[in-house]
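Colleague:
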Amino acid sequence: MRYSGFRVIKEALLGQKGWRPLWRDPEPQPRYDYVIVGGGGHGLATAYYLAKTFQKSRIAVLEKGWLGSGNIGRNTTIIRSNYLLPGNEPFYEFSMKLWENLEQETNFNSMVSQRGIINLIHTDAQRDAYRRRGNAMLFAGADAQLLSPNELREMVPFLNYDNARFPIKGGLFQRRAGTARHDGVAWGYARGADMRGVDIIQNCEVTGMRIEGGKVLGVETSRGYIAAGKVGVAVAGSSSRVMSMAGMRLPVESHVLQAFVSEGLKPVIPGVITFGAGHFYVSQSDKGGLVFGGDIDGYNSYAQRGNLPVVEDVLEGGMALMPMIGRARLLRSWGGIMDMSMDGSPIIDRTSVDGLYFNGGWCYGGFKATPASGFAFAHLLATDRPHETATAYRLDRFARGYLIDEKGVGAQPNLH
Ligand SMILES: Cc1cc2nc3c(=O)[nH]c(=O)nc-3n(C[C@H](O)[C@H](O)[C@H](O)COP(=O)(O)OP(=O)(O)OC[C@H]3O[C@@H](n4cnc5c(N)ncnc54)[C@H](O)[C@@H]3O)c2cc1C
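In this text, residue positions in the sequence shown follow numbering that gives the first Met the number 0: the first is 0, and each later residue adds one.
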């Protein structure tokens, strides 16, 4: 079924009886050519591009819960391509271009909204760093603009510009950045993949891997053994757990990241704003809630909930930036599990086991990467060669010393 304005009118006239489920609920087959473990954004996008762009068939996505139960349904929905390093910026700009056409591509309203992101500048040194980053973005074909304090005041007059500790001295602006409806992205890719014959199997947890002679033969699941030609693992916060089933220890630690939503307010924040003197970022949803977050909780955990010290820390950042936020009531908060890599950048690579491929280490920035990650992982699975924008995302870079340390903080996953 194709979605269109015409279809909405037709269904309204016919009593809304013609809508169909977005995807089937198939029984697992005994064997697939491609098994993708993890039905989050990255796993679903991978299956979609494998079927659509690389014309592969006999593909299954195995998801231990329901679609959207992981980070794809828990993130703060920011999409952007404002990176500095050559290993990262072309990849995220490729993702941005895929976002710009995603709704036409999947024929699904993922509410991609390019309302811009502003990274605030509080010191002269920070202005130099952001100017450098903006130039790197322009070199990679992205858009970037350095805003003066006056330009900034016109766009977002409600910030605390004259805060004695953290005066606001300008901002780095990416106009094409913005937000997208996170679970709508999963549903759009799932529907598109299902339409092309991909079996999306929910409530099917991978519990083991069958490996013989250095080659993966299939996966053990809560719904029985499934043989596979190739297995692609895209399980985000569960990366280390799932890859340990293949005897691998990853350069990844799992940490909790929390998000917060206020009660609905009248439109006040035009795009996404990030505080430059602490970790706090905020945007406003279409329903009016302020959506904000900050640092990870900072200790290893697989729990999808956070703790009060970070709640306090995030809210202090918010109060320093826009004190009137203290009058809004908090509606809800939640946590997700981040697969923090040692250098803060992701991994999309083959592994030492023949036929086993890994996609992970997305830290708290993997939502914006969803389209490019799916495309690059599908490219790798289909051709056995890395996509041109993802050649740096190798698993052995930690052993070889070719880190992609965007923040320059070293091998400290809790600081990226
Ligand atoms: C609070 C929060 C805010 C964030 N904000 C942003 C943001 O603004 N912008 C941004 O770019 N990124 C953001 N992120 C990060 C982003 O959400 C993640 O990096 C990204 O969603 C991870 O990829 P995924 O969608 O595939 O993960 P997931 O949705 O977590 O998918 C992995 C799936 O694997 C499944 N799985 C795990 N183990 C197994 C198994 N054994 N068998 C079968 N299935 C299994 C899980 O159930 C899960 O559904 C945020 C994350 C959080 C938690």
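Even glycine gets a Cβ: it sits at the ideal position worked out from N, Cα and C.
Source: prediction; values computed, not measured.
For ligand 1, is there a heavy atom less than 6 Å away from the beta-carbon of Y363?
Modeller: Here residue 363 refers to the residue found at position 364 of the sequence shown. Yes, ligand 1 has a heavy atom inside 6 Å of this Cβ.
Colleague: Exposed or buried, P250, counting other C-beta atoms within 10 Å across all chains shown (16 or more means buried)?
Modeller: For this step, residue 250 is matched to residue 251 along the sequence shown. With 16 or more Cβ atoms within 10 Å of its Cβ, P250 is classed as buried.
Colleague: Check the DSSP bridge columns for N118 and list the partner residues they point to.
Modeller: Here residue 118 is taken as the residue at index 119 of the sequence shown, counted from 1. Partner(s): L171 and T273.
Colleague: Would the region 214-231 and the region 330-346 be scored as touching if the rule is three or more Cβ pairs under 8 Å?
Modeller: Taking 8 Å as the limit for Cβ pairs, the verdict is that the region 330-346 does not touch the region 214-231.
Colleague: What number of angstroms, rounded off, separates the C-alpha of N70 from the C-alpha of N87?
Modeller: The residue labelled residue 70 in the question sits at position 71 within the sequence shown. The residue labelled residue 87 in the question sits at position 88 within the sequence shown. Answer to the nearest angstrom: the Cα atoms are 21 Å apart.
Colleague: Excluding the 5 residues preceding and the 5 following P27 in the sequence, name in chain order all residues of the same chain whose CB lies nearer than 6 Å to its CB.
Modeller: Taking the first residue of the sequence shown as position 1, residue 27 is located at position 28. Answer for P27: I200, R222 and I225, listed in chain order.
Colleague: With three or more C-beta pairs closer than 8 Å as the rule, is the region 161-169 touching the region 130-142?
Modeller: no
Colleague: Taking E387 as the reference, which of A235, G277, P85 and V36 has the closest Cα?
Modeller: On the sequence shown, residue 387 is found 388 positions in, with the first residue counted as 1. For the residues A235, G277, P85 and V36, the minimum Cα distance to E387 belongs to P85.
Colleague: Is the beta carbon of R79 less than 7 Å from the beta carbon of A233?
Modeller: Stepping through the sequence shown from its first residue, residue 79 is reached at position 80. Stepping through the sequence shown from its first residue, residue 233 is reached at position 234. No; because the gap between Cβ atoms is not below 7 Å, this pair is not in contact.
Colleague: For R6, which three-state DSSP category applies?
Modeller: As a working note, residue 6 is residue 7 in the sequence shown. If DSSP states are grouped into helix, strand and coil, R6 belongs with the helices.
Colleague: Our contact map puts R73 next to A302 with C-beta atoms below 8 Å; I'd like the distance itself, whole angstroms only.
Modeller: Here residue 73 refers to the residue found at position 74 of the sequence shown. Here residue 302 refers to the residue found at position 303 of the sequence shown. Contact between R73 and A302 fails: their C-beta atoms lie close to 13 Å from each other, not under 8 Å.
Colleague: For the putative contact between D426 and Q113, defined by C-beta atoms under 8 Å, what is the C-beta separation to the nearest angstrom?
Modeller: There is simply no residue 426 to check, as the chain begins at 0 and stops at 415 in what is shown.
Colleague: Threshold first: 3 residues or longer. Then list the beta strand (DSSP E) segments lying entirely within the region 294-382, N to C.
Modeller: 329-340, 346-349 and 355-359
Colleague: Once you ignore the five residues that flank F397 on each side, which residues in its own chain have a CB closer than 7 Å to its CB?
Modeller: Here the question's residue 397 lines up with position 398 in the sequence shown. Cβ neighbours of F397 beyond the five flanking positions: P250 and M341.
Colleague: Ligand 1 heavy atoms versus the CB of N70: any closer than 6 Å?
Modeller: As a first step, residue 70 is located in the sequence shown; it is residue number 71 there, counting from the start. N70 Cβ: within cutoff of ligand 1.
Colleague: May I ask you to verify whether the region 183-197 touches the region 17-27, counting CB pairs closer than 8 Å and requiring at least 3?
Modeller: Flag = yes, the region 183-197 and the region 17-27 touch.
Colleague: Is A235 near ligand 1, in the sense that its beta carbon is under 6 Å from a heavy atom of that ligand?
Modeller: Along the sequence shown, read from residue 1 onward, the residue named residue 235 stands at position 236. Answer for A235: yes, Cβ within range of ligand 1.
Colleague: Please find out if some non-hydrogen atom of ligand 1 comes closer than 6 Å to the beta-carbon of R73.
Modeller: As a first step, residue 73 must be located in the sequence shown, where it is residue number 74. R73: yes, Cβ under 6 Å from ligand 1.
Colleague: Under the three-state reduction of DSSP, which class applies to F107: helix, strand or coil?
Modeller: By one-based count along the sequence shown, residue 107 stands at place 108. If DSSP states are grouped into helix, strand and coil, F107 belongs with coil.
Colleague: Assuming G316 and G277 make a contact with CB atoms under 8 Å, what is their CB distance in whole Å?
Modeller: Along the sequence shown, read from residue 1 onward, the residue named residue 316 stands at position 317. Along the sequence shown, read from residue 1 onward, the residue named residue 277 stands at position 278. About 4 Å separates the two Cβ atoms, so the contact holds.
Colleague: Would you say H415 touches ligand 1, meaning its beta carbon is less than 6 Å from a heavy atom?
Modeller: Working through the sequence shown from its first residue, we reach residue 415 at position 416. False, no ligand heavy atom lies under 6 Å from that Cβ.
Colleague: Closest to R30 by CA distance: which of K229, E99, G42 and H181 is it?
Modeller: Along the sequence shown, read from residue 1 onward, the residue named residue 30 stands at position 31. Ranking the options by Cα distance to R30, first place goes to K229.
Colleague: When the distance is taken between beta carbons, is S94 closer than 7 Å to A434?
Modeller: Here the chain covers residues 0 to 415 and nothing more, so residue 434 does not appear.
Colleague: Give the straight-line distance between the Cα atoms of G409 and L402, rounded to the nearest whole angstrom.
Modeller: Numbered from its first residue, the sequence shown carries residue 409 at position 410. Numbered from its first residue, the sequence shown carries residue 402 at position 403. Straight-line Cα distance between these residues: approximately 9 Å.
Colleague: Would you check whether ligand 1 has a heavy atom nearer than 6 Å to the C-beta of F274?
Modeller: Locating residue 274 in the sequence shown gives position 275, where the first residue counts as 1. Not under cutoff, so the answer is no.
Colleague: Buried or exposed: which applies to I8, given that a residue is buried once 16 or more other Cβ atoms fall within 10 Å of its Cβ?
Modeller: In the sequence shown, counting from the first residue as 1, residue 8 sits at position 9. With fewer than 16 other Cβ atoms within 10 Å, it is exposed.
Colleague: Which runs of the beta strand (DSSP E), 3 residues or longer, sit entirely within the region 124-149?
Modeller: 144-146
Colleague: Suppose you measure from the CA of N108 to the CA of G373; what does that come to, to the nearest Å?
Modeller: Working through the sequence shown from its first residue, we reach residue 108 at position 109. Working through the sequence shown from its first residue, we reach residue 373 at position 374. Distance between the alpha carbons of N108 and G373: 19 Å.
Colleague: Return helix, strand or coil for Y224, following the three-state DSSP convention.
Modeller: Mapped onto the sequence shown, residue 224 falls at position 225. Reduced to three states, the DSSP call for Y224 is strand.
Colleague: Below 6 Å, is the gap between the Cβ of K367 and the nearest heavy atom of ligand 1?
Modeller: Position 368 of the sequence shown holds residue 367. Result yes, Cβ under 6 Å from ligand 1.
Colleague: Who are the Cβ neighbours of E405 in its own chain at under 7 Å, not counting the five residues just before and after it?
Modeller: Counting from 1 along the sequence shown, the entry for residue 405 is found at position 406. Excluding sequence neighbours, E405 sits near Y82, L83, L84, N87, G343 and S344.
Colleague: Measure the alpha-carbon distance for Y280 versus G212 and round it to whole angstroms.
Modeller: Looking up residue 280 in the sequence shown gives position 281. Looking up residue 212 in the sequence shown gives position 213. Roughly 49 Å between the two C-alpha positions.
Colleague: Is the beta carbon of V352 sitting closer than 7 Å to the one on A245?
Modeller: Numbered from its first residue, the sequence shown carries residue 352 at position 353. Numbered from its first residue, the sequence shown carries residue 245 at position 246. For V352 and A245, yes; Cβs fall inside 7 Å.
Colleague: I'd like to check one pair, A381 with F90: are the Cβ atoms closer than 7 Å?
Modeller: In the sequence shown, counting from the first residue as 1, residue 90 sits at position 91. In the sequence shown, counting from the first residue as 1, residue 381 sits at position 382. No, these two residues do not count as a Cβ contact at 7 Å.
Colleague: On the CB-based measure, 16 or more other CB atoms within 10 Å of its CB, does F165 come out buried or exposed?
Modeller: Here residue 165 refers to the residue found at position 166 of the sequence shown. When all chains shown are included, F165 counts as buried.
Colleague: Going by the DSSP bridge assignment, what does Y188 pair with across the sheet?
Modeller: As a working mapping, residue 188 is identified with position 189 in the sequence shown. Per DSSP, none; premise fails for Y188.
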